[in-house]
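Quick note on our numbering: the sequence shown kicks off at 2 and runs consecutively.
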Amino acid sequence: MSNVKEIEFAVEQAVLDIGVKIVFAVIEGIDNTSVSPEWMETRTETISRLLEEYSDIDYHADPILEGFHILHDHAGVKRRKNTPASENLIRLLKKHGDVFFINQAVDIYNIISMESKLALGAHDIDRAEGNVTLRFTDGTERFLPIGQSEPIPNHPHEYSYCDDANEVLCRLEIRQVEKTKVDEQTTNVFYIIQGNEATDQELLLATARRVVDETTRYCGGTGRVVVPKIV
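If you want it as structure tokens, here you go:
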């Protein structure tokens with residue numbers, strides 16, 4: 002196992018007050034360089050089942066998916082062009098009959114996100130600076146989304162996951178960044194497992210445990226679930 006640095010997780014009370022619910026998972030020492038045939042078989046079966054399950058889904062009638070839009074309303078974020086992460090994955094699945102395979106660790110949490118409807122994200126611990134806090138932005142943060150070559154303006158009063166270098170690692174539960182993206186060389190990962198007023202704490206904890214169990218099964222390593230401190 003590689004030597005993982007110590008990292009602490011916190012959440013602002015003000016973010017919890019609008020209905021955000023959050024737990025984290027940490028997995029150390031994964032091998033993300035290969036793909037398990039067993040995982041690919043499980044993946045194929047799960048996608049087939051989800052395509053059937055979501056064939057007639059009404060996104061706004063679903064309490065969990067709509068719950069993320071309600072969080073955006075509370076944060077003053079416009080619904081248009083701000084599709085919650087899990088809803089976006091389901092929409093892509095229905096449109097293409099599959100979701101794009103990036104690497105095994107990312108694929109595992111994407112599948113779990115679609116099944117649970119929770120917003121999941123993964124970040125390379127070794128590329129984060131200091132600790133991670135889910136807080137409202139003030140607009141001074143650096144924000145370089147995945148796929149961009151230059152930072153883009155960051156809006157104030159959006160709940161975002163930020164490190165101690167005042168850099169956004171994930172905007173809302175929607176957009177992750179180049180800095181901590183998980184690739185084949187990643188060995189130490191922290192996962193975001195986010196819900197809303199329609200999700201109870203046990204669903205978050207059970208989903209976090211599943212992320213740990215399935216990722217360590219197919220990628221190795223050791224993991225734990227982390228409940229953030231409130232600040």
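Note that beta-carbon positions come from the ideal geometry of N, C-alpha and C, so glycine has one too.
Please read all numbers here as calculations on a predicted model, not as lab measurements.
Residue ranges of uninterrupted beta strand (DSSP E) with 3 or more members, entirely inside the region 96-177 and ordered along the chain, are 120-125, 133-137, 160-164, 169-172. The region 4-19 makes contact with the region 130-144; the number of CB pairs closer than 8 Å reaches 3 or more. Residue pairing by DSSP leaves Ala-207 without any beta bridge partner. Going by C-alpha positions, Ile-103 is about 11 Å away from Val-36.
Arg-210 has its alpha-carbon roughly 18 Å from the corresponding atom of Arg-44. Secondary structure note for Ala-76: its alpha helix (DSSP H) is the uninterrupted segment 64-76. The region 70-82 makes no contact with the region 25-42, as fewer than three CB pairs between them are under 8 Å. Your pair Thr-187 and Asp-125 checks out as a contact, with CB atoms roughly 5 Å apart and the cut at 8 Å. For the set Ile-193, Trp-40, Val-183, Ala-62, the Cα lying nearest the Cα of Ala-86 is the one of Ile-193. In this structure, the beta-carbon distance from Gln-195 to Ala-123 does not fall below 8 Å.
If you draw a 10 Å sphere on the C-beta of Lys-180, you find 16 or more other C-beta atoms in it, and that means buried. About 6 Å separates the Cβ atoms of Val-21 and Leu-72, confirming a contact at the 8 Å cut-off. Beta-bridge partners of Asn-189 (DSSP): Glu-29.
Contact between the region 52-60 and the region 85-99 is present, with at least three C-beta pairs closer than 8 Å. By the criterion of a C-beta distance shorter than 6 Å, Arg-225 is surrounded in its chain by Val-27, once the five residues flanking it on both sides are discounted. Contact check for Ile-31 against Phe-191 fails: the beta carbons are separated by 8 Å or more.
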